[in-house]
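> Last residue of the sequence shown: 228 in the working numbering, with the numbers rising by one and none dropped.
Idealized CB from N, CA, C, for every residue including glycine.
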Amino acid sequence: MITAINILIVDDSVIFSQGLASLLEQYPKYVKSIKIAHNYKQAMTVLEHEKVDLLILDLNFESEDYNGFSIAKKVKALYTKVKIIILTQQAKIDNYEILINDIDVDGYLDKQLGIEETLEALECVAKGEKYVDKNIKSMLEIGKWLDISNREKDVIGLLSKGFTQKEIADKLFISSRTVETHIKNLTNKIEAKNTTQLIAIYTKYKEGNRENTY
Numbered sequence: 015m016i017t018a019i020n021i022l023i024v025d026d027s028v029i030f031s032q033g034l035a036s037l038l039e040q041y042p043k044y045v046k047s048i049k050i051a052h053n054y055k056q057a058m059t060v061l062e063h064e065k066v067d068l069l070i071l072d073l074n075f076e077s078e079d080y081n082g083f084s085i086a087k088k089v090k091a092l093y094t095k096v097k098i099i100i101l102t103q104q105a106k107i108d109n110y111e112i113l114i115n116d117i118d119v120d121g122y123l124d125k126q127l128g129i130e131e132t133l134e135a136l137e138c139v140a141k142g143e144k145y146v147d148k149n150i151k152s153m154l155e156i157g158k159w160l161d162i163s164n165r166e167k168d169v170i171g172l173l174s175k176g177f178t179q180k181e182i183a184d185k186l187f188i189s190s191r192t193v194e195t196h197i198k199n200l201t202n203k204i205e206a207k208n209t210t211q212l213i214a215i216y217t218k219y220k221e222g223n224r225e226n227t228y
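#1: Leaving aside the five residues before and after Ser189 along the sequence, list all residues of the same chain whose C-beta is less than 8 Å from its C-beta, in chain order.
#2: For Leu69, report the span of its beta strand (DSSP E) as first-last.
#3: Which residues in the same chain as Ile85 place their Cβ atom closer than 7 Å to its Cβ, once the five residues preceding and following it in sequence are excluded?
#4: Starting from Lys198 and walking both ways along the beta strand (DSSP E), at which residues does that stretch end?
#5: Does the segment 154–172 come within contact of the segment 127–139, defined as at least 3 CB pairs closer than 8 Å?
#6: If you run the structure through DSSP and keep just helix, strand and coil, what is Val24?
#7: Which of the three DSSP states is assigned to Tyr44 in this structure?
#8: Just to confirm, is the Cβ distance from Leu61 to Val28 under 8 Å?
#9: Going by DSSP, what residue range makes up the beta strand (DSSP E) through Asp120?
#10: Quick one: what does DSSP say Thr17 is sitting in, helix, strand or coil?
#11: Consult DSSP for Thr102 and reduce its assignment to one of helix, strand or coil.
#12: Let's see if you can read the secondary structure: which residues bound the alpha helix (DSSP H) around Glu178?
Set out below in C-alpha cells:
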C-alpha cells in the first residue's frame, strides 16, 4: 500500500522546482505535502521546522560554499530518516559512486525522466529501496566505455562484428593471448558477466552514439 509522503525539493532553479512541485501535487496518492528550497540555508530551515520524509535534490548550485553533495552529506548526518533522491543532467560514474556508496543516497534520477517513473522512484524509495532510473543506468554504462583504451575499443569493435580472437589478433598484429587479456579486462571494467553481455552492452553504447557526451 502506498503512503503519501512529505517532500522537500531543493533546487536553485525556480522554474524547475515550481514546475516539479506543481506536477507532483497532482498525485495526492503519493504526495502529502511539498516544500521548496532554493539554497542550503532554506533547505536546512525547512528540515528543522517541517516534517520531511523525502528530499529531492539537485547536484549543481551556483555557489562556491555548497553543492548537492555537501547538502546530501549534511542531511544524512543530521536527519537519518530522511530519504534523498538526486536529480541530475549529467550521470557521471564518479558522481554515482560517491552518492550511492559514500553518501548513501536513496535514488538517482535523470532530470528528463517522465512522471510515471518518477512516481515509481518515490514509491520505491519511500519503502526503503534504492532506485536508479533506466536512463541513468544506460548513461553510466556508456560512460564506462570512455575509460577504456583505444586498443580495447579496437578489440571489442571487431569482437562485436563476429571476428574470432585469432582473427582479431591477426588484424591488430598482436597475439591471441593479448586479445584474451583485453577481453578479460573489458569484461571486468564494464562489469559484464560474460563476453556475450559485453558485446550487448557495447552494441547499445554504439547505437547511442554518445562517445563525446562527457
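Taking the geometry as given:
#1: Ala183
#2: That run of the beta strand (DSSP E) goes Leu68 to Asp72.
#3: Val24, Tyr54, Ala57 and Leu71
#4: It is not in any beta strand (DSSP E) - Lys198 instead sits in the alpha helix (DSSP H) that spans Ser190 to Ile204.
#5: Touching, no.
#6: strand
#7: coil
#8: no
#9: No beta strand (DSSP E) holds Asp120; DSSP gives it neither H nor E.
#10: coil
#11: strand
#12: Here the sequence assigns Thr to residue 178, which means Glu is not the residue at that position. Run containing Thr178: none; DSSP gives neither H nor E here.
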